[in-house]
Amino acid sequence: MGSSLRLPGLVDVHVHLREPGQTHKEDFASGTAAALAGGFTTVLAMPNTQPPITTPRVLELARQAAQAGARCDVGIFAGAGPDNASLLPALAAHSCGLKIYLDATFGPLRVNDLPTLVAHFNAWPGPGPIAVHAEENSVPLVLGMVAASGQRVHFCHISRRVELELIARAKERGLPVTCEVSPHHLFLTGEDAARLGAYGQMRPPLQTGDDREGLWELLHYVDCIATDHAPHTREEKASGSPPPGVPGLETALPLMLTAVHAGRLTLPRLIELMSSTARHIFGLPAAESDTFVEVDPDAAWRFPERGWYTRAGWSPFAGREARGRVVSVRLRGRDVFLDGKLNAEPGTSRVLF
Ligand code: DOR
Ligand code: ZN
Ligand code: ZN
C-alpha cells in the first residue's frame with residue numbers, strides 16, 4: 022500500500038464534451054466518467070458543439086443532455102455567435118459564463134469583427150465571466166476591452182510567455198482578469214508536436230521551450246489549471262484533415278502531482294489551481310466535506326496507450342512516467358471511483374446554473 026493524501030474535489034473550467042451533435046467523440050456520460058477518473062468532480066463544458074450553444078433553445082437541449090448523462094457536476098458555457106448578442110441576457114442565468122472565440126479553433130463559432138465583439142461585451146450581464154480564446158494580438162485587444170468595459174474576463178489556455186507577461190501586468194494594474202494554463206502547454210513543446218503528429222496538434226499549438234518555461238516561471242500569475250479536454254477519435258486524427266485538440270481529463274492531476282514531486286509547485290498551490298480559485302471565478306458551490314479525491318502521491322506509473330474512460334481513447338502523454346495517481350473519488354458521500362473502477366451511473370450528478 023502506498024501513502025494517501027486527500028484533496029478537495031477538483032474543478033476543470035475548460036472541457037469539450039461534444040453534446041449536442043458529436044457524441045461519437047464524447048458525450049456527457051463518457052466525458053464525466055473521464056473527469057471522475059481524473060479526480061474532477063466539477064467540469065465546465067464549452068459551447069462549440071453542433072449546433073453551437075448560442076440560443077436559449079440549444080442551451081436547454083444541452084442542459085437536458087447533461088442532466089441525463091452527468092456522473093459529476095457540470096456547468097455549461099454560452100457561446101458568442103455572429104448575431105446573438107440580444108440573446109445573452111436570456112442565456113446568462115443558466116450558463117457559467119460567455120465564451121468568445123477570437124482565434125482559430127475547432128468548429129465555426131468565432132467572433133472576428135470589432136462591432137460584434139463590442140456588442141457582446143456590452144450585452145453580457147454576468148454574473149459569470151466572459152471567457153476568451155485569445156492568442157497573440159487578441160490578448161491586448163481583449164485587455165483593451167476589459168479596460169473600456171469593466172467586464173470581468175477569464176483568459177483560456179494561455180500558452181506563450183509574452184501573453185502571460187501582459188496578463189500579469191494587467192493584473193498588477195488592477196484589471197479584473199484571470200487566466201488558465203493547460204497541462205499540455207506546461208509539459209510539451211513544439212518538439213513533442215513533431216513527434217506526435219496530429220496527436221500533438223491543438224489550438225493554441227504547442228509552443229517553444231522558452232514559452233513552456235515562461236508559464237512555469239510566471240505560475241503565480243495563473244489562476245487555474247484547465248485541461249481544454251478536446252476529444253477527437255483516432256480515426257479523425259489519422260485522417261487527411263485532423264481536427265485540433267487533445268484529451269486531458271485523466272492525465273492532468275497525475276502530471277501536476279508529478280510536478281509537486283519534482284518541487285515545481287506546492288500541494289496547497291495545486292489545490293488553489295485545480296479547485297478553489299475556479300470556484301471563486303465562476304461562482305461555484307464551495308467544496309463540500311463529503312466530496313473529495315484520495316491520491317497516492319508516491320505511485321510511480323506510466324500513462325498507457327489505451328484503456329482511458331474518454332471516448333477519444335488515446336492520450337498525447339501515453340508512455341510518459343508519472344508520479345502520483347488517483348486512488349478514489351467520493352462525491353456527496355458516494356464512492357464514485359475506486360481502485361480504477363467507476364461506480365457512478367449517468368444522470369446521478371448535477372447541472373449547475
Ligand atoms: O485544440 C482545440 N480544440 N482548441 C480549441 O479551441 C477547440 C478545441 C476543440 O473543440 O476540439
Ligand atoms: Zn480554445
Ligand atoms: Zn477549448
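Letter by letter, the sequence shown follows residues 22 to 374 of the numbering used here. Idealized CB from N, CA, C, for every residue including glycine.
Between residue i and residue j, is the Cβ-Cβ spacing less than 8 angstroms?
{"i": "I302", "j": "Y242", "result": "no"}
{"i": "A66", "j": "I97", "result": "yes"}
{"i": "K120", "j": "A106", "result": "no"}
{"i": "R39", "j": "A365", "result": "no"}
{"i": "A83", "j": "T70", "result": "yes"}
{"i": "L109", "j": "H141", "result": "yes"}
{"i": "V357", "j": "G60", "result": "no"}
{"i": "L239", "j": "E309", "result": "no"}
{"i": "V348", "j": "S24", "result": "no"}
{"i": "G90", "j": "P268", "result": "no"}
{"i": "D13", "j": "R346", "result": "Only positions 22 to 374 of the chain appear in the structure, and residue 13 is not among them; the question remains open."}
{"i": "M295", "j": "L57", "result": "no"}
{"i": "A99", "j": "F49", "result": "no"}
{"i": "Y220", "j": "E271", "result": "no"}
{"i": "S370", "j": "T44", "result": "no"}
{"i": "P77", "j": "L112", "result": "yes"}
{"i": "P161", "j": "A273", "result": "no"}
{"i": "T199", "j": "D244", "result": "yes"}
Considering only heavy atoms of ligand 1, does any lie closer than 7 angstroms to the CB of residue i?
{"i": "T126", "result": "yes"}
{"i": "A251", "result": "yes"}
{"i": "R194", "result": "no"}
{"i": "H35", "result": "no"}
{"i": "G266", "result": "yes"}
{"i": "N69", "result": "yes"}
{"i": "H154", "result": "yes"}
{"i": "V224", "result": "For the record, residue 224 in the displayed sequence is Arg; it is not Val. Yes, Cβ of R224 sits closer than 7 angstroms to a heavy atom of ligand 1."}
State the Cα-Cα distance for the pair residue i and residue j, rounded to the nearest angstrom.
{"i": "V163", "j": "A214", "result": "28 angstroms"}
{"i": "A343", "j": "P225", "result": "24 angstroms"}
{"i": "H250", "j": "H115", "result": "22 angstroms"}
{"i": "G361", "j": "G118", "result": "33 angstroms"}
{"i": "P68", "j": "T75", "result": "8 angstroms"}
{"i": "V350", "j": "P197", "result": "34 angstroms"}
{"i": "D232", "j": "A169", "result": "29 angstroms"}
{"i": "R332", "j": "P264", "result": "15 angstroms"}
{"i": "Q228", "j": "H206", "result": "7 angstroms"}
{"i": "G334", "j": "R194", "result": "44 angstroms"}
{"i": "L373", "j": "Q88", "result": "10 angstroms"}
{"i": "S336", "j": "E256", "result": "14 angstroms"}
{"i": "E157", "j": "G147", "result": "26 angstroms"}
{"i": "A307", "j": "D319", "result": "28 angstroms"}
{"i": "A283", "j": "M277", "result": "10 angstroms"}
{"i": "G218", "j": "R300", "result": "35 angstroms"}
{"i": "P41", "j": "R27", "result": "35 angstroms"}
{"i": "G258", "j": "P252", "result": "With the sequence shown as reference, residue 258 is identified as Lys, and Gly is not the correct amino acid for it. Answer to the nearest angstrom: the Cα atoms are 10 angstroms apart."}
{"i": "A191", "j": "A152", "result": "16 angstroms"}
{"i": "G266", "j": "G328", "result": "19 angstroms"}
{"i": "V34", "j": "G261", "result": "31 angstroms"}
{"i": "S297", "j": "D94", "result": "15 angstroms"}
Below 7 angstroms, is the gap between the Cβ of residue i and the nearest heavy atom of ligand 2?
{"i": "H205", "result": "no"}
{"i": "H282", "result": "no"}
{"i": "R84", "result": "no"}
{"i": "S323", "result": "It is worth fixing the name first, because residue 323 is Arg in this sequence and not Ser. Result no, Cβ not under 7 angstroms from ligand 2."}
{"i": "H178", "result": "yes"}
Under 8 angstroms by Cβ, that's how I've got residue i and residue j pegged, so tell me the actual separation to the nearest angstrom.
{"i": "H178", "j": "P150", "result": "With 8 angstroms as the limit, H178 and P150 do not qualify as a contact, their Cβ atoms being about 15 angstroms apart."}
{"i": "V36", "j": "T254", "result": "Not confirmed; about 17 angstroms, so no contact."}
{"i": "T210", "j": "G230", "result": "5 angstroms"}
{"i": "E201", "j": "I246", "result": "7 angstroms"}
{"i": "L288", "j": "A280", "result": "Rounded, the Cβ-Cβ distance is 10 angstroms, inconsistent with contact."}
{"i": "L130", "j": "P73", "result": "5 angstroms"}
{"i": "G340", "j": "R323", "result": "7 angstroms"}
{"i": "I292", "j": "P103", "result": "Contact doesn't hold; Cβ gap of about 40 angstroms is too wide."}
Contiguous beta strand (DSSP E) assignments of at least 3 residues, all confined to the segment 147 to 219: 151 to 154, 174 to 176, 198 to 202
Start-end ranges of the beta strand (DSSP E) lying completely within the segment 53 to 108, minimum 3 residues: 61 to 66, 94 to 97
Within the segment 282 to 362, ranges of the alpha helix (DSSP H) (whole runs, at least 4 residues): 288 to 292, 298 to 303
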